[in-house]
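Heads up, the thing below is written out as structure tokens.
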Amino acid sequence: MCSSDLWIGINTRVFNVGEYRRLVTTRDHTDHAFFDAANVEGLAVRTKCATDALQDVQQWIERGGGEIAVFDATNTTRERRAFIHDWMAKRAGYKVFFVESVCDDPDIIAQNIMEVKVYSPDYVGMDKEKAVEDFKLRIKHYADMYEPMEPEREAEYSFMKIFNTGQRIFIHKHDGHVQSRIVYYLMNIHITPRTIYLTRVRLT
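Numbered per my numbering, the sequence shown spans residues 464 to 667.
Here's what the structure looks like:
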């Protein structure tokens, strides 16, 4: 349900809520309708999986497993983000740094779906065209409930917004060295194809 590694010399682990979900659901639950906010059963399952993941995050840190936990989930509503912040910051006393990726470029979205999402465990064995259409509908469900992070509404949170894979960056109230390193790292990664030129210099 999670993977760990060293990042800038710090023991870091990713807790992917999608992996928690796949452990407790069947193939029928990968359909886009499962992610519709109006789907009461689906919402309950996804909330339970997020809660289980947060519990594992807290236990992992408290037991000395590491220093940075990445809670990998689509936390698209203010209610969900408040839940995370209350649990990890107010109750547990840890620093929380949200990272929001905003993309409205249809070319980038299409490329991401084709290169990443159709190969997700959710779509194993599914026709690629069907997987693409299903994921587009899943995106629509997320968009319908999406509430962007705004300093006016979530002033107490530390967060970073990345627009269209780095075309624009917004940082609010980042706190400390580690968060600064996260910002620097995310500002310098690229997920879109680009040309890299290599030259050979001969010294004589």
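Heads up, the beta-carbon is just placed ideally off N, CA and C, and yes, glycines get one too.
Discussion item. Quick check: what's the CA-CA separation for residue 520 versus residue 485?
Written reply: Your numbering for residue 520 matches position 57 in the sequence shown. Your numbering for residue 485 matches position 22 in the sequence shown. Answer to the nearest angstrom: the Cα atoms are 18 Å apart.
Practice prompt. Report buried or exposed for residue 556, applying the criterion of at least 16 other Cβ atoms within 10 angstroms of its Cβ.
Written response: For the purposes of this step, residue 556 is identified with residue 93 of the sequence shown, where counting begins at 1. When all chains shown are included, residue 556 counts as exposed.
Worksheet entry | C-alpha distance - residue 644 paired with residue 549, whole-angstrom precision | By 1-based counting over the sequence shown, the position of residue 644 is 181. By 1-based counting over the sequence shown, the position of residue 549 is 86. In this structure, the alpha-carbon of residue 644 lies about 24 Å from that of residue 549.
Practice prompt. Starting from the C-beta of residue 634, find all residues in its chain whose C-beta is less than 7 Å away, skip the five residues before and the five after it, and write them out in chain order.
Written response: The sequence position of residue 634 within the sequence shown is 171, counting from 1. Sequence-distant Cβ neighbours of residue 634 in its own chain, meaning closer than 7 Å and more than five residues away, are 623 and 646.
Fill in: Touch test, the stretch 568-588 against the stretch 598-612, Cβ-Cβ under 8 Å, three pairs minimum
Because the criterion of three Cβ pairs below 8 Å is met, the stretch 568-588 and the stretch 598-612 touch.
Fill in: Whole runs of the alpha helix (DSSP H) within the stretch 507-584, excluding any shorter than 4 residues
If we require 4 residues or more, the alpha helix (DSSP H) runs fully inside the stretch 507-584 come out as 541-548 and 569-578.
Worksheet item: Considering only C-alpha positions, which residue in the set 483, 482 and 468 is nearest to residue 476?
Response: The residue you call residue 476 lines up with position 13 of the sequence shown. Between residue 476 and the set 483, 482 and 468, the nearest pair of CA atoms involves 468.
Discussion item. Taking a contact to mean a Cβ-Cβ separation below 7 Å, would you say residue 579 touches residue 594 in this structure?
Written reply: For this step, residue 579 is matched to residue 116 along the sequence shown. For this step, residue 594 is matched to residue 131 along the sequence shown. In this structure, residue 594 does not lie closer than 7 Å to residue 579 by Cβ.
Discussion item. Restricting to runs no shorter than 3 residues, where is the beta strand (DSSP E) found entirely within the stretch 466-492?
Written reply: Counting only runs of 3 or more, we get 473-479.
Worksheet item: Straight-line CA distance for residue 621 to residue 663?
Response: As a working note, residue 621 is residue 158 in the sequence shown. As a working note, residue 663 is residue 200 in the sequence shown. Each residue's alpha carbon lies about 44 Å from the other.
Worksheet item: What residues match up with residue 645 in a beta bridge as DSSP calls it?
Response: Counting from 1 along the sequence shown, the entry for residue 645 is found at position 182. Partner(s): none; residue 645 has no beta bridge.
Worksheet item: Grouping DSSP H, G and I as helix and E and B as strand, with all else coil, what is residue 635?
Response: Taking the first residue of the sequence shown as 1, we reach residue 635 at position 172. Secondary structure at residue 635: strand, using DSSP grouped into helix, strand and coil.
Practice prompt. Quick one: which unbroken alpha helix (DSSP H) runs of 4-plus residues sit fully inside the stretch 583-618? Chain order, please.
Written response: Runs of the alpha helix (DSSP H) lying entirely within the stretch 583-618 and spanning at least 4 residues, in chain order: 591-608.
Discussion item. So, does the stretch 603-616 touch the stretch 519-534, judging by three or more C-beta pairs under 8 Å?
Written reply: The answer is no - the stretch 519-534 does not touch the stretch 603-616, with fewer than three Cβ pairs under 8 Å.
Discussion item. Measuring straight from C-alpha to C-alpha, what distance separates residue 629 and residue 513?
Written reply: Indexing the sequence shown from 1 puts residue 629 at position 166. Indexing the sequence shown from 1 puts residue 513 at position 50. Whole-angstrom Cα-Cα distance: 27 Å.
Discussion item. Can you give me the C-alpha to C-alpha distance between residue 502 and residue 474, rounded to a whole angstrom?
Written reply: Locating residue 502 in the sequence shown gives position 39, counting from the first residue. Locating residue 474 in the sequence shown gives position 11, counting from the first residue. Separation of residue 502 and residue 474 (C-alpha to C-alpha, rounded to the nearest whole angstrom) is 37 Å.
Worksheet item: Less than 7 Å separating the beta-carbons of residue 539 and residue 483?
Response: Position 76 of the sequence shown holds residue 539. Position 20 of the sequence shown holds residue 483. Between residue 539 and residue 483, the C-beta spacing is not below 7 Å.
Worksheet entry | Segment limits, beta strand (DSSP E) that includes residue 626 | Counting from one through the sequence shown, the residue named residue 626 turns up at place 163. Segment 621-626, the beta strand (DSSP E) holding residue 626.
Fill in: Chain-order list of residues whose beta-carbon lies under 7 Å from that of residue 564 (same chain, five-residue window excluded)
Taking the first residue of the sequence shown as 1, we reach residue 564 at position 101. Result list for residue 564: 625, in chain order.
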